[in-house]
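Here is the structure we will look at.
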Amino acid sequence: MALFGDEDASVTDQSNLSSPGQVNMIGQGTVVEGTLHAESDIRVSGRVEGTLRVDGKAMIAQEGVIDGELTAANADVAGSIQGEVQVGERLLLKSSARIDGNIETERLVVEEGALFTGECRMGEDAATDEALDGNASADVNEPDEVIGDEADDVSNGTATPLEDQSET
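Residue 0 is where the sequence shown starts when you use numbering that gives the first Met the number 0, and the numbers rise one by one after that.
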């Protein structure tokens, strides 16, 4: 049996391709430039400069950096992202997460300490074609009614509870 030059070995052997449950890794100290597409989960401890598209879950470690776009079915972020984030189902921002860019996701979970600068669009239609094309808009309306009076000062914690307020 020869260890090298085995003529029966195939470079495209299907057993070597990614399988369900396999996690791809970009290790600390590794820089990937361009577009990267992963069919299964991926853990980023290094740096991605460009676009990362993940059919499974993207896990951005505390030392991981994405400088560009992240698109994934699910994502857990403990590192930093400078750019757009689009997650089809659930996005978890760990306490060490830093995101500077817009977020579109169905569900968002944010741990205390996470920092996010940008706009966020949530719900089942957050990943619609309109939103992905950047043509989405939101209307913000003024409140219909203000409860309380001008003496209430929430900045120093003296707001009157709703049940203690009487109609005037």
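All C-beta atoms, glycine included, are put in the ideal place defined by N, C-alpha and C.
* To do: Go ahead and pull the three-state DSSP assignment for residue 88.
  => Counting from 1 along the sequence shown, the entry for residue 88 is found at position 89. Here residue 88 sits in strand by DSSP.
* Run through DSSP, which three-state label would residue 81 get? -> For the purposes of this step, residue 81 is identified with residue 82 of the sequence shown, where counting begins at 1. In the three-state reduction of the DSSP assignment, residue 81 falls in the strand class, which pools E and B.
* Measure the alpha-carbon distance for residue 69 versus residue 111 and round it to whole angstroms. => As a working note, residue 69 is residue 70 in the sequence shown. As a working note, residue 111 is residue 112 in the sequence shown. The straight-line gap from Cα to Cα measures roughly 22 Å.
* Between the C-alpha atoms of residue 202 and residue 59, what's the straight-line distance to the nearest angstrom? -> One cannot answer for residue 202 here, as it falls past the ends of the chain, which runs 0 to 167.
* Using the rule of at least 16 other Cβ atoms within 10 Å of the residue's Cβ for burial, across every protein chain shown, is residue 64 buried or exposed? -> The residue given as residue 64 occupies position 65 in the sequence shown. Buried, because 16 or more other Cβ atoms sit within 10 Å of the Cβ of residue 64.
* Proximal residues to residue 56 (C-beta, below 6 Å), its chain only, five neighbours per side dropped -> The count along the sequence shown starts at 1 and reaches residue 56 at position 57. Taken in chain order, the residues that qualify are 40, 73.
* **Close Cβ partners of residue 30 (< 7 Å) along its chain, the five nearest in sequence each way excluded** => One-based indexing of the sequence shown puts residue 30 at position 31. For residue 30, where only same-chain residues beyond five positions count, the Cβ hits under 7 Å are 45, 46, 48.
* To do: Could you have a look at residue 40 and say whether DSSP puts it in helix, strand or coil?
  => For the purposes of this step, residue 40 is identified with residue 41 of the sequence shown, where counting begins at 1. Residue 40 falls in the strand class under three-state DSSP.
* To do: Measure how close the beta-carbons of residue 103 and residue 123 come, nearest whole angstrom, since I'm counting them as under 8 Å.
  => Reading the sequence shown from its first residue, position 104 is the one you call residue 103. Reading the sequence shown from its first residue, position 124 is the one you call residue 123. So it is not a contact: roughly 11 Å between Cβ atoms.
* **Length of the line joining the Cα atoms of residue 93 and residue 109** => For this step, residue 93 is matched to residue 94 along the sequence shown. For this step, residue 109 is matched to residue 110 along the sequence shown. Using only the alpha carbons, I get a separation of about 6 Å.
* Return the CA-CA distance between residue 89 and residue 107, expressed in angstroms with no decimal places. => For the purposes of this step, residue 89 is taken as residue 90 along the sequence shown, with counting starting at 1. For the purposes of this step, residue 107 is taken as residue 108 along the sequence shown, with counting starting at 1. So the two alpha carbons sit approximately 6 Å from each other.
* In this structure, what does DSSP give as the bridge partners for residue 93? -> Counted from its first residue, the sequence shown places residue 93 at position 94. Listed as beta-bridge partners of residue 93 by DSSP are no residues whatsoever.
* Mind reading off the beta-carbon distance from residue 101 to residue 117? Whole number of angstroms is fine, and I expect it under 8 Å. => Translated into positions along the sequence shown, residue 101 becomes position 102. Translated into positions along the sequence shown, residue 117 becomes position 118. At roughly 5 Å, the Cβ-Cβ gap stays under 8 Å, so residue 101 and residue 117 are in contact.
* Asked: Apart from the five residues just before and just after residue 98, which ones in its own chain have a Cβ nearer than 6 Å to its Cβ?
  -> Taking the sequence shown and counting its residues from 1, one reaches residue 98 at position 99. Around residue 98: 80, 115.
* Leaving out five residues on either side along the sequence, give the residues of the same chain with a beta carbon under 8 Å from the beta carbon of residue 28. => Here residue 28 is taken as the residue at index 29 of the sequence shown, counted from 1. For residue 28, where only same-chain residues beyond five positions count, the Cβ hits under 8 Å are 45.
* Residue burial classification, residue 84 (beta-carbon count within 10 angstroms, cutoff 16) -> Position 85 of the sequence shown, counting from 1, holds the residue named residue 84. Counting Cβ neighbours within 10 Å, residue 84 comes out buried, since at least 16 surround it.
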